[in-house]
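> Below are the C-alpha cells for one structure; questions will follow.
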Amino acid sequence: MKVHVFNVAISLISPSRLAGENDIKRILGIDHIPQAMKPLLRQSVLPQEAINPLAKQRGRARSLLMQHATRSEFFGWVINPGRQDELLRELETIKAEFYAEKQLLLDHYDQVCEQHLAALRESCDAEGFEHTDAFISVVSAAQPSKDYLDEQLRFEYLNPKTIELVPSEEGIVREGVLGSALHEVAQRAAQAMGSQTPKAKLSALDEIARKVEGLGYIAPPLRLIAQELKQILASVPRGIRNADYSPLHALALSQMLLRLSEESDFARALKNGQKLFDVTLPSDLLSAGTETGTETVTAEDLEVETQAEAECEADADGEIESETAVIW
0 MKVHVFNVAI SLISPSRLAG ENDIKRILGI DHIPQAMKPL LRQSVLPQEA
50 INPLAKQRGR ARSLLMQHAT RSEFFGWVIN PGRQDELLRE LETIKAEFYA
100 EKQLLLDHYD QVCEQHLAAL RESCDAEGFE HTDAFISVVS AAQPSKDYLD
150 EQLRFEYLNP KTIELVPSEE GIVREGVLGS ALHEVAQRAA QAMGSQTPKA
200 KLSALDEIAR KVEGLGYIAP PLRLIAQELK QILASVPRGI RNADYSPLHA
250 LALSQMLLRL SEESDFARAL KNGQKLFDVT LPSDLLSAGT ETGTETVTAE
300 DLEVETQAEA ECEADADGEI ESETAVIW
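Structure, rendered in C-alpha cells:
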C-alpha cells in the first residue's frame, strides 16, 4: 500500500517569558527563589493581541486538516487522495495570510514593544509599585529581538512524497485511523451541539459525513457512518431559513450530534454492526427546499467555531507546530 506524506511546520512564539531571576532577587532584596515559585517569574513581554492574528492562521490550518483528515500515530495526518489538491491550495492561501500578518507585526514591532512597556508601567504606577523602573527594565530585556521574531515565525510545508507500507503495517494503520477519526468526530459533534441554529448543526453534520466518507478508503467501517448520515440528511431541507425548520428536524439534528459525541458507545455499536442512528424523518415533512447538498451557513449561523490557539506551552518561549499529512 502506498501513502503520500507531507509535513507542515507552523511556528509561533509565546508572548510571555521567564524574567531575569537575578534582577527579581535584587528588586525583592532576597538571595534565593524557591523552585516552586519560579513559574511566577514568567512575565508578559508582548501583548497577546500581537500574536493572535498569527495564531488565528495556525488555527485555520488545523481546522482545515480536521475537516479533510485525521491524525495518524504513525504518519501524522491521513486524508482522502481526492482532497490533496484542495488541501494544498487552501494551505497556500492560509500561508500567504500568515506571512502577511507576520510582516505587519515586524513593521510595527518597535511600537508594539513600547506600547506594551507603557501599559505595564501605567499598571504598576496605578498600584503604587515602588520598583517600576527596575521591573520595566527586566521586561524590556526579555522582549525578543525583531531578528528572532523573523526567524521563529514560520509556516512551511514540503511537497508530498510517497511511502510504501509493508503488508504487516496495514492493519495497525487502519485501526489507528478508525480510532482517531471517531475521536475527532466526537469532538466536532460535541462542539456543534453548542450551536443554536439548525443550519449550523446541519453544516457540522455535512462536514462530518464528508470526512468519514473520504477516510473510508482506509478504514471501511467509516463508510457505514457516512452512508447512514447521508441517508438521514437527505430528508433534511436545504436552503431555507432557520425559523422554517420543523421542530422534528431540529431535534433530529441534535440527536445525531449527541450520538456522534458519545465516542465509546458509538464505536461499540459500529464494531457490533448495530444501527448507528435511531432517527427517522419523513421525506415529505417539508416540501420546500429539500434539495440535498452542502448547506451554506452564514457567519451568524455559526455560534461555535474552532478557535485559534493563541497561547503557547507555559514552559516554552516558542512553539513549533509540526503537522504531517498522509494521503492514501
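Be aware that the sequence shown starts at 0, since it is given in numbering that gives the first Met the number 0, and climbs by one per residue. Ideal Cβ positions, reconstructed from N, Cα and C, are used throughout, including at glycine. Please read these numbers as outputs of a predicted model, since none were measured by experiment.
(1) Starting from residue 172, follow the beta strand (DSSP E) in both directions and report where the run begins and ends.
(2) So, with DSSP's three-state summary, where would you put residue 8?
(3) Pop quiz: residue 204 and residue 228 are said to be a contact at Cβ under 8 Å. What is the actual Cβ separation, rounded to whole angstroms?
(4) Helix, strand or coil: how does DSSP classify residue 64 here?
(5) By the 10 Å Cβ neighbour count, where 16 or more other Cβ atoms means buried, how is residue 13 classified, buried or exposed?
(6) Assign residue 272 to one of two classes, buried (16 or more other C-beta atoms within 10 Å of its C-beta) or exposed (fewer than that).
(7) Between the alpha carbons of residue 127 and residue 121, how many angstroms are there, rounded?
(8) With 16 as the cutoff for other CB atoms within 10 Å, does residue 1 come out buried or exposed?
(9) Measuring CA to CA, which of 267, 217, 35 and 254 is closest to residue 276?
(10) What separation, rounded to the nearest whole angstrom, lies between the Cα atoms of residue 238 and residue 84?
(11) Tell me, please, which residues DSSP counts as bridged to residue 17.
(12) Tell me which residue opens and which closes the alpha helix (DSSP H) that residue 207 is part of.
(13) Are the beta-carbon atoms of residue 208 and residue 225 separated by less than 8 Å?
(14) Hey, could you find the ends of the beta strand (DSSP E) residue 217 is sitting in?
(15) For residue 86, which residues from the same chain have a beta carbon less than 6 Å from its beta carbon, with the 5 sequence-adjacent residues on both sides left out?
(16) Sorted by chain position, which residues of the same chain lie with C-beta nearer than 7 Å to residue 257's C-beta, five sequence neighbours on each side aside?
(17) Please classify residue 165 as buried or exposed, where buried requires at least 16 neighbouring CB atoms within 10 angstroms.
(18) Cutting at 7 Å between CB atoms, please list the residues of its own chain near residue 105, excluding the five before and the five after it.
(19) Please return the same chain residues whose Cβ sits closer than 6 Å to the Cβ of residue 17, not counting the five positions on each side in sequence.
Taking the structure as given:
(1) Taking the first residue of the sequence shown as 1, we reach residue 172 at position 173. Looking at the DSSP string, residue 172 is not in any beta strand (DSSP E); the run it does join, the alpha helix (DSSP H), is 166–191.
(2) Numbered from its first residue, the sequence shown carries residue 8 at position 9. Strand.
(3) Counted from its first residue, the sequence shown places residue 204 at position 205. Counted from its first residue, the sequence shown places residue 228 at position 229. So it is a contact: roughly 6 Å between Cβ atoms.
(4) Here residue 64 is taken as the residue at index 65 of the sequence shown, counted from 1. Here residue 64 sits in helix by DSSP.
(5) By 1-based counting over the sequence shown, the position of residue 13 is 14. With 16 or more other Cβ atoms within 10 Å, it is buried.
(6) What you label residue 272 is simply residue 273 of the sequence shown in a count that begins at 1. By the 10 Å Cβ count, residue 272 comes out exposed.
(7) On the sequence shown, position 128 is the one that residue 127 refers to. On the sequence shown, position 122 is the one that residue 121 refers to. Whole-angstrom Cα-Cα distance: 10 Å.
(8) Against the sequence shown, residue 1 aligns to sequence position 2. Burial call: exposed.
(9) Sequence index remark: in the sequence shown, residue 276 carries index 277 (1-based). The shortest C-alpha separation from residue 276 is found at 254.
(10) Taking the sequence shown and counting its residues from 1, one reaches residue 238 at position 239. Taking the sequence shown and counting its residues from 1, one reaches residue 84 at position 85. Going by the C-alpha atoms only, they are around 28 Å apart.
(11) Along the sequence shown, read from residue 1 onward, the residue named residue 17 stands at position 18. 41, per the DSSP bridge assignment.
(12) As a position in the sequence shown, residue 207 is number 208, starting the count at 1. Residues 197–214.
(13) Working through the sequence shown from its first residue, we reach residue 208 at position 209. Working through the sequence shown from its first residue, we reach residue 225 at position 226. Cβ atoms of residue 208 and residue 225: closer than 8 Å.
(14) Within the sequence shown, numbered from 1, the residue matching residue 217 stands at position 218. Per DSSP, residue 217 belongs to no beta strand (DSSP E) and is neither H nor E.
(15) Counted from its first residue, the sequence shown places residue 86 at position 87. Apart from the 5 residues on each side of it in sequence, residue 86 sits with its Cβ closer than 6 Å to the Cβ of 67 in its chain, given in chain order.
(16) Residue mapping note: residue 257 aligns to position 258 of the sequence shown, counting from 1. Cβ neighbours of residue 257 beyond the five flanking positions: 192.
(17) Along the sequence shown, read from residue 1 onward, the residue named residue 165 stands at position 166. Exposed, since its Cβ has fewer than 16 Cβ neighbours within 10 Å.
(18) Here residue 105 refers to the residue found at position 106 when the sequence shown is read from its first residue. Hits under 7 Å: 145, 148 and 149.
(19) Counting from 1 along the sequence shown, the entry for residue 17 is found at position 18. Within the same chain, residue 17 has close Cβ partners 40 and 41.
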